[in-house]
Every structure is written in structure tokens, then in C-alpha cells.
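Chains as they are written, first to last, in my numbering: chain V, 137 to 569; chain A, 137 to 569; chain U, 137 to 569.
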């Protein structure tokens, strides 16, 4: 895999807070509250947001607030801290303002920069625009006696230009006249991207932009960076947020923006394997999770029914019935079912494969079996899946993520142990090393 | 947004006419008829098509017809005029023929070129092939005393090579040895693209090519150009044409090819906001538009039913029933409904946001409420949506399109006023300026 | 179309065999068996796999087995032979090992290389990594007195880097310091790609990666290469394999990996037009194939019903009923039906178009008609489809594939004639020449 240059190899959560809110007694109230989040409520990356979340007139005050709050609380904050500065590919005024704000925040005498891991640059354009931002980081580092390249740079992808720029990162990052190796997160910003692409939907809802998310994930893969999806506006729609994260994960985009501590909790947990495994049944109209009752997986819906006859079985799915013998039924049910492994299951399989490899075997069959109950009829099913080195490596991703979280977020240990049990956590930390 | 170099910022319609039809008394009949289209039947860009729509043996005569008909009718034609020439990345003969045809058409003594805005070049290959075409434009301009770069160049994307070339336009357009700033439209040509990609479908229907359309829209965004989709062959299938346009619009591709004046009317109207707003209900099996009866939005289908019980409500969707209290029902119905705003609604929201911004507020809540009737049960629903600068900017796209149309197409004023009313049109022309 | 440099213009099947299996009396058993496949069971490209299918400890022996088995059976093998070597973009050790293995296999004194068409290089990275492999091919050719560029190189795309590299092939292949013109197949490898992209799915199933497959097909189109999809693991799921191939074909990816001779048979047949045509009916819930009974196409499901009334017709689809007159019914049924043409049908249409073109006509209407029976009601439907040069060219793809197969695979002649009849095969070989 492409070399990664930073401590965190995974980022689940990117949580923004306004830096200065007008009309409050303490304009830094939101910052102060966010800085004290801990455990599952605290994000992997916290972003004091001096751009869109903060009114233009409040942004100078926002810089002061960042310095004050981070100086006070930064040492104890469990995640990384990456303030978002103003920037725009089409406005030198905005870019210069962003530069000045970075210079202010990074002054070591003010005590914040030692707790700050980098800055987030929105509204970047083509790769030469990214280099302008990178150059300001370099000057800031040089002026303040910080090591060159020590401040990470994350960007918001919210233009077609920036989407295209991600295709060139791998070759640009090696060039001698930039420090683009400081790049850390590639974060999609779908609201502004939609504007830049001039897209229209009848209700004003955001398009799904699957190609953008693929290209961001690919750009991250090719350059050793981390891909993060943009904000999910409908805060009440938890199910929708989960579906979006699952869709992202299948693209290799394991992080997402969070707008509230509630979303942070959901997004911190989403890419981790579940505590308990579960069986899915494909009813031809989507998949439903079966109820587990004393080791039997029970389907209670109407779309699928099964009955035993003198000759064999009748299986009805969505109104169409098949007459099957016992082997055919087994085959059909295997096609209709799938198993979501728990953390424990995954660790088991990996340990088993590691032992087999040690014993000189390159591929082994992993068995999975259960009893299904559909209506009053119970059937046993069992399936083998071949595991080879590639299967093992691909299955490693959620475990590597878990290990990265466990190493970098001691404040979440208690919740992780509570979720998985001490034993499973210990074994998960040993696997694949 | 990337600088746009041409008058029109939006193009809804790209309408092709054969330049010379064999066996007709007047081989220019189709051209003559198209040149006299007005109002919603007239396209934003009219394309006398001397390539695929015209038999190879008729193309020299086609050039003469273009000159004749455009000289006579061009001054009065309400849209832009961009004849399509022959071209092929793999054939120098074809390219030279295209060059000669352009030289003929552009001769100022013949009276057509003053009404012609540019030429369309089909079957382009990689970027160096685009440059060959551009160079011929430059020579044509020079030979005929036209300003260098004054003729716009539009291309048909109908090969994998050309799709890749769109990724490099932004950097190529600035180079000193070309005049690629003349580029105007990027038009997908899915029939030939399907051939070039060697794709097969069982029925011979065209694949949907979502990635091509994304990449065309992105290429246009990055280079300040306009993306247009290819022809929709099934002329009778108006619903299908609408669905395709809606899908395109969510990708930022706001223009489409039209093969008939009937398709032109549909495509000219499609990206404009509707006259009246409407509510959608997601029945779990797709969305249906509700009937509006005296301010109540009525669902009359079978899939969703709602009844009040002593404890609260029973909501049934597609056979599965939930028992909900009043708050839960409200939440559920909000998730199931969506509103398509009218032009009037959009202008209202934008004015409201502009006033708030003037008063120093960066974000405001826009309320939307109605009464739903499902079966015999009526429920009031109300929702807030937060608008900030980014929401405002994204909502601006259909308004900008409307303004561009209104400014450039006086021949459509009457129909637009009839559609929206004088007052709404006036307010829409003021918003966002 | 971009110039193709190799004999085969299409590859349907890419079949891998382990080169050395531990614990067998004859470690080359699998190779020996595969080398003797013939007809539909034999792949277009056979890949003795000295990488993932073979345990690392067995790979030196694997090289010996390749030499032995190919020397003995290579002359008679009906497809091309392309052994897969070890390679990794991140490991110079692995790359050097791959180079040494190629040197061994290619030694002309050992008698295998004259039957070997090229090598497959897995785990390539960015384009400069592809060039490293290409350079080793050149050295191998030079050392062994083979013509420079005579060994074809195929690569497995299993990283984001390699996906991006495909966007630059067209320009890189012309450069003087490489021999990348030897490139032949671009093969997706979704298991390792999933790992490289760090994607996660709940069940561990592979993501669909539609964008990767599009980009591979596009890369092949732009550079005159052939796109092949990766392995389909669930060997028993024949329906799933078919659906995957159909999805690939609509992307222009006409080849697929096969893991068993059974999959080879399916994949060799899949892109060929069917023996008999068939009608589809869109029931609003997917398309079903109608039963053909004495020239009448019969629908026997529940979702669609049709009855004649005194006023006209009642057509019910999925619970919603329309009252239609005879013309409206005809229109509606045309929208709901589609025809999958047989090889015979396609050849007929192409011959008809060729005759029309010879007679000076650029576009003709192809009629298609049948009688539908829904319930007890029979209706005749007839439709015209306009064919022009572009339609003709796009319809040519499956015929060109057939011709390529017929020319290169005499061992399949008998099965093809049995499938289509002598007459159809002969006419298919004449069309489009």
C-alpha cells in the first residue's frame, strides 16, 4: 500500500464547530463545548471552522477564539485539531486572509500551535492552487520556527477542478519545489460542489455524486491519504446517515463529516465491525435481518414462505413458487442468505488463517452454518468460503482501522471494551501483526 | 466559478437538421424549416448537421445550403447557429474535408458567417486532435479577416480518448500555441461512443454511460464550458426523455440534444423551475406526486394507509404497519415527503435569505408546511430547512439559467410570462444581482 | 477505432491455473489438465498462474512446471498462453523474482517460449512501475534473441494508482524509451483493489466497483487494448456470473476471468448473440422473458393483465389500471416490450442495411412485429427502428467478436455451427467486410 506519512492511518470523523457566534455572551461557546468532548462523542479530527460555519464578519474574532480555546483545552483533547481557514481558488483577497489567519494561529508564543495538527483549506482549485496553499504553510512554518512540513494540510474537494487535481497528486507530491507530502485528508464538500457543477434537483436535495466519492477515495489510495465524505444535512435522519456511511465504506471512504456530537457517535462506530453477527435474507425486495432465537435464525415476514411436502419443499418468494428437493433448497437458501460477521468472528477467521499459513497452507475453507426458520419450517444451511492471502488482506481493513483507533484514542478504550469485551479487544489488537 | 468566455452561460437545447436531403425538390427544406423556428420551439443552439444526419454524397451540397439558408434567415434566428462539419480522429481525408467546408461557409462575401457563432466538430480524439481542429479554425479566421478566436468550437465526445482529453482542458486552454479558449460546448455522442467502447446490450439499446456524463459535466465545470447530452432516439417516449434530462441535471449537465421541434420544447422547459410547487410521497416503491385539493395534499394510492387509533396512529407502508404517537408520525411523514418548489417559491426563499444577509445573519430557517390526507386521515406537517450562503448559491443555479435564457432569448419572453406571470418573471430577474 | 497491435481483437476468457500444487504426486497436475482443454471449455487466454493461485514456496517449481507443460502441450493449445509472474509495485525483491522467472521461462532452448504469447504482471502501480516491467520484457527478449516487443504484456489493475495510470497509456505508449506497445489486456483484480482502496462491506462481499470497470474499459478503448473483468468467486452462482457479464458488456468490457472450465464455457458464450431471439416485457418490477408459443409471445405472470372492454382495453400493471383505446394500447405495449435479436436477426439487419447503403440510402427503418398474449387477450404490435451508419457500426460489435472468435478458434467451429447452423455462421462471417 502507498506509504502513509502521518500518525493516523484512518479518520472516522471530521467534526466542525463555528469559531465565533454572534450575539452570544461568549462568542467562543461552541468551540469551548466541542473542545471538551471525550470518548465516542469526540471526533478523530476536530475542525474549528473559521469558514462557512462562521459569519464573515466574525472570522477575525474566530481566529482569536481558536487560539484561546486550543491553548486552554488542546493538550487534553483526544483527537487531532485542524482548524479550517478561509480560501478560494478565485479570490486572492480570501487566500491572503487565510494566510494571515494561519500566521496568527500558528504563533508559538500564543500557545495554540503545539496542540494543532494542521489546517483545512476549503475551495481549492487545480493543483497549482493547492501549491499556493502549501507554500503559505511553508512560510508559516519558517516564520514561526516550526519544522518544514510538520503542519498537515487537508483540503475540501468542492469543484470539478479539485476533483481532477486528485488524479495528479501522486506525481506532484514528490516534486522538489513543494511540500505537498503534508497532505492528510481529502474531504468532499457536496454543497459547493453541486454549485460548481451547476447541478439541479427538483427538490433541491443534493445529488449523490457517486463518481466524485469514488475519485476522492481513489485519489487518497494513490497518494497515501485519507478520504472523508461531506456533511449529511438532515441531522434527524439517522438511518439515512448510516446508509450513506455504508455506501461510502464500500467505496473505501471510511470517514465522514459530523455536524453534531450525536453524528460523531454514529460515525465513530459505523466502520467498526458489529458486536454480534447477524444473518440477512434476500426477499427479492431488499434484504432483511433475521431474528436470532436460541441459535435459530427466524424470518417473520410475508414475502418468503417455505413448506415441506411429500416430495420435498415448496419455496415461495414474492408470489412465485418453486418445488425443490432438499439439495436444491439448500443451494437456493445459500443464494438468498448472507452473514454479517461480528468482530469476534472476523478475529476468529483471521487467527485460523494465520495458523494455517504458519502450517504451510495457502488457502483454507471457512465454514459458516446455521438453522433457518421460515414459517414453521426449519432448515440447516452450511457454506464454505475459501480464504487465501488476498481474502485475508481484504478482511484486515476493519481490523486495521480498529487497531488505529485503539492506539490513538485511549479515551475510547472503555467504550470499546464494553462493546466487544476485554478478550475480543485483546485478540483484535494481536491479529495481523 | 471558472471564468466563462462566451455570451451564453447555459445551453438547454442542441437541435440538429440535415443540411441536404436527397430526393426532395428543395434539398435544403429541413434547414429552411428549422431556421424559422421561434420561441420554445427554437433551440438555444441550432446545428445545421453536415455530418451524420446528411448522406456523405450530399455534404458538398449541404455546405451550399448552409450558406444560402443562414444568409437569408440567420439574422432573425433567435438562438445561436453552429453548423456541424465532418471530422474524424482517424482520417486525414475527413479532417481536410471538414477544413475546406469551414473555409467555404466562413467566406464573408457569402453572407452567412456573420450569423454563425461557431462550428461543431464530431469524432475528436485526444487533445492533440482537438488542437488540429482549433488550428483550422484559426486559419479560417485569418484567411477571412475574422478576429482570431471569434468562432466558437464545440466538440462531440464519442470516444474513450476524447473522454480522457476532457481531463486536461483546463491546462491546455492556457497554452500559447493554441486558441482552445474558443471551446464552447462538450456534447456527448452515445451511439458512436458505444461503438468506440465496443459495448454490447442484449436488445441493442444504448447503455446509460453515467460515468461519461459525469466526466463531461466535470470537464465543463473545470474549463468554464457547457455540457450537453447526446440524442434521445425514442422520439415518442416523452416520459423517458424527461427522466433522462432530470438525471442529467443532477449531474450538472443542463443541456441535451433534440431531434425534433417537439423535443426542443420539452428540453427548453425541463431545467426551468415549475410554475407550481408540488409534494412528493415516498411509498417505498418510488415517489408519487400528491394531488393538491384546497391546500390539502392528497394521497390516493394503495401502498400507504394511515388511521387514527385511541393510542395514536397506525401507518402502513407496503404491507408493514407501525404504531406511532403524534410526534413519531410527524417525523416519519417528514422523512417520507419532499417538496418541489415552484419558481415563485425559489424566488421567495432567495429574497428572504438576501434580506437576512443584509441584516447581518448568515443562516436562517426556511419553513415549509402543509396538510397531508392519506385515506380519511389528515395530518399537518411542517419542517425547517437551514439556508446558509452555500445553500443560497446552490439554489441560484436554476435562477441563473432562467436569467441567461431571459436575456438571450427575447423570443421566449411571452411564453415565459405566460408560464410564470409577469410579477414572478420580474422578481426572478432581480434576484442574486 | 484506435489501432490494435495484436492478433486477437477480443478476449472473452482469462482462465488461471495454479502452476504447482503442494502435496500432489504431480505438482503440475492442474497445469496439465488445463493445457488439454479444447472447444468451449478452452479459454481465449490461458494463464498458468505463478502468483496468487500458487503458494509462495512453490513458485520456483511452478516455473519449471510451466516450462515442462507448455513445451509438451503448448503447440496444441487452442488459445493464447500468458503465464502470470510475481510482481509488486512496493517490493523490489518481488519484482526481481518476477524478472528471473521470466528469464527462465523464456529461454528458447527449453522449448516453451515459442508457444507463449506474453506474460501477465499483477500488482502494478503508477505508469513508471509499468515501465519497469516493460523494460524487463525487453531485456528478456534481447537476452534470448526474441524480437523486441514480441512478448505481450498484460497487467492486473488492483490499485488506485494503476487505475489512474490507465488514463495516460495512450500518450505513454508512443514514447521512444519504452516498448509499451506490447500491452495487451487490462484485467481488473477486485479483491486486491478492495484492499488497496481499504473498502469495507458488512458481509465481506466485494463492492461492485462500477467506476473502476468503466475506467478500465475506457483505458482499453483509448489505447487499443482489451478490457477483462476479475474473478467471480461464487462458482456455483451461474446466474450471478451471467448478470455480471451482462453488466460488463454494457461497459465495453467483453472479457472476464474464469476460475473453472465451467465458468470458461459460460464466459465464452456470454458475449455471443443468442441462437434464438426473445421478447421481454417490463412489468414495472423488472423485465421477464415471454414464452414463445407458435409465434405468439405469452405472458403468464400476475403483475400485468389485459382485457378487452366495449370501449377499448383495460391494462393493469402492478395494481394500477389504465383504460386505453387501441392506439394507446399499442403505444403502451411498445414502451413495455423489447426484443433481444438472435444472431440470425442481427445478420439479417446488417445485410439489409448494407444493401440499402449500396443503393444510396443512408438510413432505413427496420420493422419488428409480433403477437402478444396477456391473459386471454391477444394484441399485435409492430415497431420501426431507424438504422443509420452509426447504428450499423454499433451493432457490428458482437459480429466482429464472433468473427474474431471464428478466425482464431478453429477448435470451437463445431460447437458454433451446432449452436447457430452452418448458414448463419457463413453469413455472419461475410457481414461488414
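For glycine and all other residues, C-beta sits at the position ideal for the given N, C-alpha and C.
Quick caveat, the model's predicted, so the values are computed rather than measured.
How would you label residue 556 of chain A, buried or exposed, when you count the other beta carbons within 10 angstroms and need 16 or more for buried?
Its Cβ being crowded by 16 or more others within 10 Å, residue 556 of chain A is buried.
Looking at the structure shown, is residue 505 of chain A part of a helix, part of a strand, or coil, going by DSSP?
Residue 505 of chain A falls in the strand class under three-state DSSP.
Residue 329 of chain U (DSSP reduced to helix, strand or coil):
Here residue 329 of chain U sits in helix by DSSP.
Report yes or no: is there a C-beta of chain U within less than 7 Å of the C-beta of residue 183 of chain A?
Taking CB atoms only, residue 183 of chain A has no neighbour in chain U less than 7 Å away.
Does residue 353 of chain V get closer than 7 Å to chain U when you measure Cβ to Cβ?
Yes, contact with chain U.
Classification of residue 459 of chain V by the beta-carbon crowding that lies within 10 angstroms, buried from 16 upward:
That one is exposed.
Is the Cβ of residue 338 of chain A closer than 7 Å to any Cβ of chain U?
Yes, contact with chain U.
Where DSSP assigns a beta bridge to residue 475 of chain U, which residues make up the other side?
Paired residues: U:415.
Every unbroken alpha helix (DSSP H) within the stretch 345–433 of chain U, with a cutoff of 4 residues, ordered by chain:
The alpha helix (DSSP H) runs lying completely inside the stretch 345–433 of chain U and spanning 4 residues or more are 346–359, 374–385 and 397–405, given in chain order.
Return the CA-CA distance between residue 236 of chain V and residue 269 of chain V, expressed in angstroms with no decimal places.
Distance between the alpha carbons of residue 236 of chain V and residue 269 of chain V: 12 Å.
Give the residues of chain U in contact with residue 209 of chain V, contact being defined as C-beta atoms less than 9 Å apart.
Near residue 209 of chain V there are no residues of chain U at all, since even the closest Cβ is about 31 Å away, more than 9 Å.
Per DSSP, which residues does residue 440 of chain U bridge with? Please list them.
In the DSSP output, where bridge partners are listed per residue, residue 440 of chain U has U:453.
Comparing C-alpha positions only, which one of U:517, U:308 and U:432 sits nearest to residue 465 of chain U?
Ranking U:517, U:308 and U:432 by Cα distance to residue 465 of chain U puts U:517 first.
CB contact check: residue 220 of chain V to chain A, cutoff 7 Å
Under the Cβ criterion of 7 Å, residue 220 of chain V is not counted among the residues facing chain A.
Residues near residue 497 of chain A in its chain [Cβ-Cβ closer than 8 Å; skip 5 each side]
Cβ neighbours of residue 497 of chain A beyond the five flanking positions: none.
What residue ranges within the stretch 264–334 of chain A form continuous alpha helix (DSSP H) runs of no fewer than 4 residues, ordered along the chain?
296–301, 305–308 and 326–333, all fully within the stretch 264–334 of chain A.
Got a sec? Which residues, its chain only, sit under 6 Å from residue 365 of chain A by beta carbon, not counting five neighbours each side?
Excluding five sequence positions before and after residue 365 of chain A, the CB atoms of its chain that fall closer than 6 Å to its own CB belong to 324, 384, 389 and 392, given in chain order.
Sequence ranges, beta strand (DSSP E) only - wholly within the stretch 139–210 of chain A, length at least 3:
As far as the stretch 139–210 of chain A is concerned, its whole beta strand (DSSP E) runs of at least 3 residues are 149–154 and 181–185.
If you measure from the beta carbon of residue 347 of chain U to each beta carbon in chain A, is any gap under 7 Å?
Residue contact with chain A for residue 347 of chain U: present (Cβ-Cβ distance below 7 Å to some residue of chain A).
For residue 435 of chain U, which beta-bridge partners are listed by DSSP?
Beta-bridge analysis with DSSP links residue 435 of chain U to U:510.
Can you tell me where the alpha helix (DSSP H) with residue 215 of chain A in it begins and where it stops?
Taken as a continuous stretch (DSSP letters only), residue 215 of chain A belongs to no alpha helix (DSSP H), as it is neither H nor E.
So what's residue 222 of chain A in DSSP terms, helix, strand or just coil?
DSSP places residue 222 of chain A in coil when its eight states are reduced to three.
Shorter than 7 Å from the beta carbon of residue 350 of chain V to some beta carbon of chain U?
Chain U contact via Cβ: present.
If you count every other CB in all the chains shown that lies within 10 Å of the CB of residue 84 of chain V, and 16 or more means buried, which is it?
Since the first and last residues shown for chain V are 137 and 569, residue 84 of chain V lies out of range.
Could you pull the start and end residues of the alpha helix (DSSP H) that residue 535 of chain A belongs to?
Taken as a continuous stretch (DSSP letters only), the alpha helix (DSSP H) holding residue 535 of chain A covers 525–544.
Evaluate the contact criterion for the stretch 350–367 of chain A versus the stretch 300–309 of chain A: three or more CB pairs, one atom per stretch, below 8 Å.
With a cut-off of 8 Å, the stretch 300–309 of chain A and the stretch 350–367 of chain A count as touching, because enough Cβ pairs lie within range.
Residue 240 of chain U versus residue 224 of chain U - alpha carbon distance
If I take the Cα positions, the gap works out to 19 Å.
Starting from residue 561 of chain U, follow the alpha helix (DSSP H) in both directions and report where the run begins and ends.
558–566 is the extent of the alpha helix (DSSP H) around residue 561 of chain U.
Can you look up residue 240 of chain U in the DSSP assignment and give me helix, strand or coil?
DSSP, read as helix, strand or coil, puts residue 240 of chain U in helix.
CB-CB under 6 Å to residue 276 of chain U, same chain, minus the five flanking residues each way: which ones, in chain order?
Cβ-Cβ distances below 6 Å link residue 276 of chain U to 238, 239 and 242 in the same chain, with the five nearest sequence neighbours on each side left out; the list follows chain order.
Contact the stretch 541–559 of chain A vs the stretch 170–178 of chain A: 3+ CB pairs below 8 Å
The answer is yes - the stretch 170–178 of chain A touches the stretch 541–559 of chain A, with three or more Cβ pairs under 8 Å.
Indicate the three-state DSSP secondary structure (helix, strand or coil) for residue 336 of chain A in the structure shown.
Residue state, collapsed to three classes: coil.
Does residue 297 of chain A come within less than 7 Å of chain U when only Cβ atoms are used?
True, the Cβ-Cβ gap to chain U drops below 7 Å.
When you compare only the Cα positions, how much space is there between residue 216 of chain U and residue 461 of chain U?
If I take the Cα positions, the gap works out to 59 Å.
Does residue 343 of chain A come within less than 7 Å of chain V when only Cβ atoms are used?
So no, residue 343 of chain A is outside the interface.
Counting C-beta neighbours from all protein chains within 10 Å, is the total for residue 331 of chain A 16 or more, i.e. buried, or is it exposed?
That one is buried.
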